[in-house]
Amino acid sequence: HTTMITLLNGDAWAKEEILANMFDDEFYYGHLGKHALSSSSLKTILKSPKTYRNVIKYGDPNSDSPALSAGKLAHWMLLEPHKIDQLHFVDASTKNTIKYKEAKEDYGEVFLIKERKASERLIDAVLRNEAALKLLSNSEFEVPEIAMLEGLPFRGKADIIQGDTITDFKTSAELGKFRYSADKYGYDLQAYMYLRLFNKKKFNFLVVDKASTDIAIFEASENFIEKGKEKFFTAVENYKYFFEDNNDLDQYVMRGIL
Numbered sequence: 029h030t031t032m033i034t035l036l037n038g039d040a041w042a043k044e045e046i047l048a049n050m051f052d053d054e055f056y057y058g059h060l061g062k063h064a065l066s067s068s069s070l071k072t073i074l075k076s077p078k079t080y081r082n083v084i085k086y087g088d089p090n091s092d093s094p095a096l097s098a099g100k101l102a103h104w105m106l107l108e109p110h111k112i113d114q115l116h117f118v119d120a121s122t123k124n125t126i127k128y129k130e131a132k133e134d135y136g137e138v139f140l141i142k143e144r145k146a147s148e149r150l151i152d153a154v155l156r157n158e159a160a161l162k163l164l165s166n167s168e169f170e171v172p173e174i175a176m177l178e179g180l181p182f183r184g185k186a187d188i189i190q191g192d193t194i195t196d197f198k199t200s201a202e203l204g205k206f207r208y209s210a211d212k213y214g215y216d217l218q219a220y221m222y223l224r225l226f227n228k229k230k231f232n233f234l235v236v237d238k239a240s241t242d243i244a245i246f247e248a249s250e251n252f253i254e255k256g257k258e259k260f261f262t263a264v265e266n267y268k269y270f271f272e273d274n275n276d277l278d279q280y281v282m283r284g285i286l
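For what it's worth, the numbering used here labels the leading residue of the sequence shown as 29, then goes sequentially.
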């Protein structure tokens with residue numbers, strides 16, 4: 029019995045076949061970025077359906093933000109170190125330098141040497157920490173999954189899967205504010221969606237502080253997952269309302285009482 033996945037553009041795939049393609053980053057972020065939903069697209073829809081429409085049409089203007097590229101580098105170093113050898117690093121003071129801009133034109137994705145050093149410092153701290161190593165041992169990394177949830181195709185990549193537990197690796201500017209960030213950036217939505225997508229029971233965050241290199245492990249409580257579930261369904265409703273039923277997005281109004 030073959031499970032079929034129907035993408036947002038109407039293409040139907042056998043699940044095994046699409047999963048095999050998902051190891052290719054261009055397919056995963058490019059094709060599926062447009063034609064499947066993810067926790068980040070739901071977060072965007074929750075915050076602003078118009079922004080989601082623009083990202084799908086014109087690409088994401090923030091994809092090169094320093095915080096994102098630092099997070100990406102640290103992820104690769106910890107979970108897919110082979111990718112680091114394929115990257116191009118520039119010895120420039122900032123990304124506004126001519127040297128950096130020329131390298132970007134030549135190589136596409138480029139990082140600063142000082143970004144690499146900063147990431148090495150973080151990953152070194154993670155790998156010296158026994159509690160962190162416990163989460164990493166006997167685990168699978170960067171596991172792709174795709175499924176139909178509420179009649180829509182959802183894709184995800186779990187950073188770390190160990191038995192019944194998914195662990196998501198995050199870098200944080202301030203560990204003390206992680207609870208606040210988790211709500212603000214919809215980490216609860218991500219946790220709920222991933223538990224459903226991967227059919228697992230527990231969700232953790234392994235977090236390293238970019239300044240102090242302190243390490244924290246946060247377990248997602250039932251309460252946290254429940255909040256994520258609410259956000260998930262609100263976002264799915266918004267998606268269906270504007271992008272399936274084609275209601276006029278220009279009439280979308282955020283309402284609140286202060």
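Every residue gets a Cβ at the ideal spot worked out from N, C-alpha and C, and that includes glycine.
Asked: Give me the Cα-Cα distance between P172 and V83, rounded to the nearest whole angstrom.; Found: 22 Å
Asked: Could you check if A64 is buried or exposed, using at least 16 other CB atoms within 10 Å of its CB as the buried criterion?; Found: buried
Asked: Please give the ranges of any alpha helix (DSSP H) in the segment 151 to 201, keeping only runs that are unbroken, at least 4 residues long and fully inside the region.; Found: 158 to 164
Asked: Are the CB atoms of K162 and T193 within a distance shorter than 8 Å?; Found: no
Asked: Report yes if the C-beta distance between A159 and I245 is below 8 Å; otherwise report no.; Found: yes
Asked: Would you call the segment 137 to 151 and the segment 98 to 115 in contact, with 3 or more CB pairs under 8 Å?; Found: yes
Asked: Quick one: residues in its chain with C-beta nearer than 8 Å to the C-beta of A263, no 5 flanking neighbours on either side, listed in chain order?; Found: L70, K71, I73, L74 and L217
Asked: In whole angstroms, give me the CA-to-CA distance for D273 and E265.; Found: 10 Å
Asked: Would you kindly check if the distance between the Cβ of I174 and the Cβ of M282 is under 8 Å?; Found: no
Asked: Let me check one thing: in DSSP terms, what residues is V118 bridge-paired to?; Found: L140
Asked: Among E44, S249, D211 and A95, which has the Cα closest to the Cα of A146?; Found: A95
Asked: Please give the ranges of any alpha helix (DSSP H) in the segment 60 to 131, keeping only runs that are unbroken, at least 4 residues long and fully inside the region.; Found: 60 to 63, 67 to 75, 77 to 86 and 94 to 107
Asked: Reducing DSSP to helix, strand and coil, say where D278 ends up.; Found: helix
Asked: Would the beta-carbon of T34 fall within 8 Å of that of A40?; Found: yes
Asked: Would you say R283 touches the ligand SAH, meaning its beta carbon is less than 7 Å from a heavy atom?; Found: The ligand SAH is not part of this structure, which contains no ligands at all.
Asked: If I measure Cβ to Cβ from S167 and keep anything under 7 Å in the same chain, skipping five residues before and after, which residues do I get?; Found: I188, I189 and Q190
Asked: Using a threshold of 8 Å, state whether the C-beta atoms of I253 and A201 are closer than that.; Found: no
Asked: Is T241 near A153, with beta carbons less than 8 Å apart?; Found: yes
Asked: Output the boundary residues of the beta strand (DSSP E) element that contains E247.; Found: I243 to E247
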